[in-house]
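Asks:
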Amino acid sequence: MIKTVTTTPYSDQKPGTSGLRKKVPHFQQKNYAENFIQSIFDSLEDFEGKLLVIGGDGRYFNREVIQIAIKMAAANGFGRVMVGQGGITSTPAASHLIRKHGAFGGIILSASHNPGGPTEDFGIKYNIGNGGPAPEKITDAIYARTKVIDSYKISDADDINLDQVGLTELDGMQVEIVDPVADYAELMETLFDFDAIRQHIAGGFRIAFDAMSAVTGPYAKEIIERRLGAPEGSVRNFIPLPDFGHHHPDPNLVHAKHLYDEMMGPNAPDFGAASDGDGDRNLIIGKGIFVTPSDSVAMLAANAHLAPGYASGLSGIARSMPTSGAADRVAEKLGIGIYETPTGWKFFGNLLDEGLATICGEESAGTGSNHVREKDGLWAVLLWLNILAVRKESVKDIVTKHWAAFGRNYYSRHDYEEVDSDAANGLMDNLRNQLSSLPGKSFGDLKVQAADDFAYLDPVDQSVSKNQGIRILFEGGSRVVFRLSGTGTSGATLRVYIERYEPDASRHDLETQSALADLIAVADEIAGIKVRTGRSEPSVIT
Ligand code: G16
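Going by numbering that gives the first Met the number 0, the sequence shown opens with residue 0, and the numbers climb by one from there.
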């Protein structure tokens, strides 16, 4: 039976860079999840009788909210929902399910790379029929609705057995529990040369993939070990756990340090990789060399034609504004378009739908293509494996040859986490106030060429997104970018992105932080980071 339940609004349900993310106890407040889900449905039109995909990264509280979402979908008139077995689907696999089955949209429960557990993070986001995150027009409408919502609809039927693959019914709506891996693995087989990769592995090429006790475990086991024949043990931490084994499922040099150390060690495998909580991010490390996410986008784009799915070339490349300009040089050489968008995968959707871009990437460890409408961790790993299998060179050789051909973009991101929100906003306001006076000023050898607050005009729907990060551009192509993260759940996270272009191959082997030292000092001088945040150093350097 369908019930209408009276509720009162919460004032803090504004979706961030990627949906609504809060601590679990926050989500456990009365009607908190229900209000947000109903606000999603209230912001959509014409979904009566249609299909909704519901996925989750398996973190703590996932099962409870999946049941709520199913019952609310039934009460609101969807005809069918498709849910990953156990309530688990990686974000890119959910995007694929939406596209493959022509769903109206999808609800994805994830807080991505943030930790999970009873007092850790949870999140809900809505994806549209193209499989990608809802654009701002929709997230703004959802937020507006959350502020005035006074009731929600839910079925009072019993819980669905999420572990049993098959078709059932709930209050007149079909519920299909599917194997979340099969469709995705098939899609990967259409894009990459599995035979070549299999042969390369059979020839002794060694892989270490760390699933970080998160959602990619079952996908990586199936694809890397079963289908590509890597020996058992190549995929580690492959059982998804609600608290990610007490770890932070963020594939970066801090939280995957053990993998980094192994890859730098004497008996390192040939290729090391990891993915995050919901499977959309990637970490790539070769024997003795870490590939920055920005470089990875550029190198994947430059070599993508070696994989069958991209053999006919790319239509264009898109990167988020804070991502380094390495991909721009590849686009220039290939004679294809390059697009610079605000941070957030949702901004790539229109470019992919219109065929303007084939490969997209972000400094935040996300890379993907037009095969789905989310970034895709395993896809990036498989494209690297395909390239390595064809070129039969080491990761290090591929990277250094790329730098020799295109120049090297030294790049680093400094994060100041859980900073007092007022202090962080004050820092950004102070930077904004300096924008007009900075151009022409010199700081040691560095002269400011331009400074602005990045705004994006979407070339497809002409929508404008303002205040997307402060850019300070120096003569010679170096730059510093300041942004506040839109994915944190406590206080504010200040991100400082630092980049220097070095064309001279004889200077390509510097240590990154020392290569950027002068820019790092100038960033502090201009923004007053240490004084304003009270921090003497960043919490995370990637
Ligand atoms: C999300 C977005 C990405 C973004 C990242 C970091 O990724 O989809 O586009 O780059 O957050 O955003 P911010 O700098 O605002 O914290 P994920 O993997 O968290 O879903």
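The C-beta atom is built at its ideal place from N, Cα and C for all residues, glycine as well.
Work out the CA separation of Q467 and E135 for me, nearest whole Å.
Replies: Rounded to whole angstroms, E135 to Q467 spans 13 Å at the Cα level.
Asks: Report the three-state DSSP secondary structure of I358 (helix, strand or coil).
Replies: Looking at I358 - three-state DSSP - the assignment turns out to be strand.
Asks: Give the DSSP bridge partners of L350, in chain order.
Replies: In DSSP, L350 forms no bridge with anything.
Asks: Identify every run of the alpha helix (DSSP H) within the segment 1-34, keeping only runs that are complete inside it and at least 4 residues long; order them along the chain.
Replies: Qualifying alpha helix (DSSP H) stretches, in chain order: 23-26.
Asks: By the three-class DSSP mapping on this structure, what secondary structure does M282 have?
Replies: Residue identity check: residue 282 is Leu in the sequence provided, not Met. Correct three-state label for L282: strand.
Asks: Which residue marks the beginning of the beta strand (DSSP E) containing S89, and which one marks its end?
Replies: First-last for S89: undefined, no H or E at that position.
Asks: If we require 3 or more residues per run, which beta strand (DSSP E) segments fall completely within the segment 384-434?
Replies: Qualifying beta strand (DSSP E) stretches, in chain order: 407-418.
Asks: Please decide whether S319 counts as near chain B, where near means a Cβ-Cβ distance under 8 Å.
Replies: In the displayed structure, chain B is absent; only one protein chain is listed.
Asks: In the DSSP assignment, what are the bridge partners of I176?
Replies: V82, G165, per the DSSP bridge assignment.
Asks: For A310, which residues in the same chain have their Cβ closer than 8 Å to its Cβ, ignoring the five residues on either side in sequence?
Replies: The residues are H304.
Asks: Enumerated in chain order, which unbroken segments of the beta strand (DSSP E) with a length of 3 residues or greater are wholly contained in the segment 202-236?
Replies: Whole beta strand (DSSP E) segments, 3+ residues: 206-209.
Asks: Give, in chain order, every unbroken run of the beta strand (DSSP E) that is at least 3 residues long and sits entirely within the segment 50-130.
Replies: Those beta strand (DSSP E) runs which fall completely within the segment 50-130 and span 3+ residues are 50-55, 79-83, 104-108, 120-126.
Asks: Please find out if some non-hydrogen atom of ligand 1 comes closer than 7 Å to the beta-carbon of R280.
Replies: Yes - ligand 1 has a heavy atom lying nearer than 7 Å to the Cβ of R280.
Asks: Quick test of your reading: L426 and T215, contact by CB under 8 Å. State the CB separation rounded to the nearest angstrom.
Replies: Contact doesn't hold; Cβ gap of about 36 Å is too wide.
Asks: Run the CB neighbour count on I238, radius 10 Å, all protein chains shown included, and call it buried at 16 or more, exposed below.
Replies: It counts as exposed.
Asks: Would you list the one or two residues that DSSP bridges to L437?
Replies: In the DSSP output, where bridge partners are listed per residue, L437 has none listed.
Asks: Would you list the residues sitting across from G336 in a DSSP beta bridge?
Replies: According to DSSP, G336 bridges with G315.
Asks: Go through its chain and collect everything with a Cβ distance to K49's Cβ below 7 Å, but skip five positions before and after it.
Replies: If we look at K49 and ignore the five residues flanking it on each side, its Cβ neighbours are F77, G78, F103.
Asks: Should the segment 260-277 be called in touch with the segment 344-353, which here means at least 3 C-beta pairs below 8 Å?
Replies: Contact between the segment 260-277 and the segment 344-353 is absent, because fewer than three Cβ pairs lie under 8 Å.
Asks: Taking its Cβ as the centre, do 16 or more other Cβ atoms sit within 10 Å of P24, making it buried, or is it exposed?
Replies: Answer is exposed; the Cβ neighbour count stays below 16.
Asks: Using 8 Å as the threshold, is the segment 151-163 in touch with the segment 101-120, meaning 3 or more CB pairs across them?
Replies: Output reads no: the segment 101-120 does not touch the segment 151-163.
Asks: For a test of your reading of the model: does the CB of H247 fall under 7 Å from any non-hydrogen atom of ligand 1? Yes or no.
Replies: No - ligand 1 has no heavy atom lying nearer than 7 Å to the Cβ of H247.
Asks: Pick helix, strand or coil for D460, following the three-state DSSP scheme.
Replies: Here D460 sits in coil by DSSP.
Asks: Measure the alpha-carbon distance for A423 versus L299 and round it to whole angstroms.
Replies: Taking the straight line from one Cα to the other gives about 35 Å.
Asks: Is D275 near ligand 1, going by C-beta to nearest heavy atom under 7 Å?
Replies: D275 Cβ: within cutoff of ligand 1.
Asks: Applying the criterion that 16 or more other CB atoms from any shown protein chain within 10 Å of the CB defines a buried residue, is E524 buried or exposed?
Replies: It is exposed - the Cβ of E524 has fewer than 16 other Cβ atoms within 10 Å.
Asks: Closer than 7 Å: is that where the CB of S363 sits relative to any heavy atom of ligand 1?
Replies: Checking the Cβ of S363 against ligand 1 gives yes.
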